[in-house]
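Novice: Have a look at the structure that comes next, please.
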Amino acid sequence: MKQTLLAAAVALLCLNEARAQQLEVGFSGGISQYYGDLAHQWIHQKTIHPAISLVTTYHISENYAIGLSVGHTTISGNDALSEDDFLQVRNLSFRSPVTEVRGLITWYPLPFRPGSRTWFPYVQSGLSLFRFNPQANYKGEWIALQPLGTEGQGTSTFPGRQPYSLTQIGIPVALGCKVAINEYLFIGLETSLLWAMTDYLDDVSLTYVNPDVLIEENGLLAYQLSNRTGEFLQAEPLNLGNGSMRGNTESLDQVGYFEVTFSVLIPGVSKSWFDPHRKQLNCSF
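With the first letter of the sequence shown counted as 1, position 26 gets the number 7 in the numbering used here; the numbers rise by one all the way through.
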């Protein structure tokens, strides 16, 4: 009797593992919104951009999954969209592509059992590695800002300011819900926020640099794109030297996403790749 109960318990556990371990692939599309020194509203139609990503998810249990996603979007910001007179005079703007790879852990508060219910809310987080390249439009031409050192990077006056890397890490956090069309197909909505571990998505973070220092050591173009007050005033640029605040050093940049998701379970792959007989648990009797 004890052996029968033990065999039944092991069989049930193996069946649960076989059902839980499934491979899911999909894609998502939607919009992104940048938040940083050059963002002046929570959402603005002129700074919303398309976003797309490809996602692979491995369901390791009914409540947890691990995954990998690759995504791309564009972000932008512009002082011209601010209602603050000082920020309008500052007159900075940028755009940047963002290409991102995320390693993700997903938690389902309701067990992920396709066929037993139709909707599956989830919470998600992980680690992001992304590439960006802020650019400014100057006289009709888009110019990469990082090589210029607009905040005195690489100058003798600010030896501690080194050029920032265009490859950075971030922490993504997401909330979403999938709805089952059938046992294998899903559609859903997801909102996420990427906390970038940099304040330079927009090339704005610290202070202005004395014009003579910036022009002599980093070039005239670096100064022209660092201090653009003259273009707004249609006069000489304001005299903003060392110590004059250019950005907010107390907060890092962020990117928000709102996307529609589409995904499919691949049962054939799940059965062959995640055969319970390949586990340490012996499911044969």
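Cβ coordinates follow ideal geometry from the N, Cα and C atoms, glycine included.
Quick one: using the 10 Å Cβ neighbour count with 16 as the cut-off for buried, is Gln26 buried or exposed?
Specialist: Exposed is the call here.
Novice: Can you name, in chain order, every residue of its own chain whose Cβ lies under 7 Å from the Cβ of Ser63, other than the five neighbours on each side?
Specialist: Cβ within range, chain order: His21, Gln69.
Novice: Can you confirm whether the segment 159 to 177 touches the segment 120 to 137 when touching is taken to mean that 3 or more C-beta pairs between the two stretches lie within less than 8 Å?
Specialist: No, the segment 120 to 137 does not touch the segment 159 to 177.
Novice: Enumerate in chain order the residues of its own chain whose CB-to-CB distance from Arg259 is below 6 Å, with the five nearest sequence positions on each side excluded.
Specialist: Because Arg259 carries a pLDDT of 42, less than 50, the predicted location of this residue cannot be relied on, and no value is offered for it.
Novice: Where do the N-terminal and C-terminal ends of the alpha helix (DSSP H) with Asn199 fall, by residue?
Specialist: Run containing Asn199: 192 to 199, per the alpha helix (DSSP H) assignment.
Novice: Can you name, in chain order, every residue of its own chain whose Cβ lies under 8 Å from the Cβ of Ile311, other than the five neighbours on each side?
Specialist: Outside the modelled stretch of the chain, which goes from -18 to 266, sits residue 311, for which no answer is possible.
Novice: Report all residues from its chain with a CB closer than 8 Å to the CB of Gly211; omit the five preceding and five following residues, and keep chain order.
Specialist: The answer, listed in chain order, is Glu217, Pro218, Leu219.
Novice: What are the residues that DSSP puts in a beta bridge with Lys120?
Specialist: In DSSP, Lys120 forms no bridge with anything.
Novice: Would you list, in sequence order, the uninterrupted beta strand (DSSP E) runs of no fewer than 3 residues that lie entirely inside the segment -8 to 51?
Specialist: Correct list: 3 to 16, 29 to 40.
Novice: State the Cα-Cα distance for the pair Ile56 and Val194, rounded to the nearest angstrom.
Specialist: Between Ile56 and Val194, the C-alpha separation is close to 31 Å.
Novice: For Ile47, which of Leu166, Leu108, Glu198 has the nearest alpha-carbon?
Specialist: Ranking Leu166, Leu108, Glu198 by Cα distance to Ile47 puts Leu108 first.
Novice: Based on Cα-Cα distance, which residue from Thr37, Tyr39, Leu202, Asp234 lies nearest to Lys120?
Specialist: The shortest Cα separation from Lys120 among Thr37, Tyr39, Leu202, Asp234 belongs to Leu202.
Novice: Within its chain, find whatever has a CB closer than 7 Å to the CB of Leu233; leave out the 5 residues flanking it on each side and keep chain order.
Specialist: Hits under 7 Å: Trp176, Ala177, Met178, Thr179, Asp180.
Novice: Alpha carbon to alpha carbon, how far is Leu147 from Val241? Give it in angstroms, no decimals.
Specialist: When rounded, the distance between both Cα atoms is 28 Å.
Novice: By the three-class DSSP mapping on this structure, what secondary structure does Ser232 have?
Specialist: Note: Ser232 maps to coil in three-state DSSP.
Novice: Please name the residue or residues paired with Arg76 in a DSSP beta bridge.
Specialist: Looking at the DSSP assignment, Arg76 forms a beta bridge with Ser57, Gln116.
Novice: Output needed for Gln105: all residues of its chain with C-beta closer than 6 Å, excluding positions within five of it in sequence on either side, in chain order.
Specialist: Excluding residues within five positions, the ones whose Cβ falls inside 6 Å are Leu85, Thr87, Ala155.
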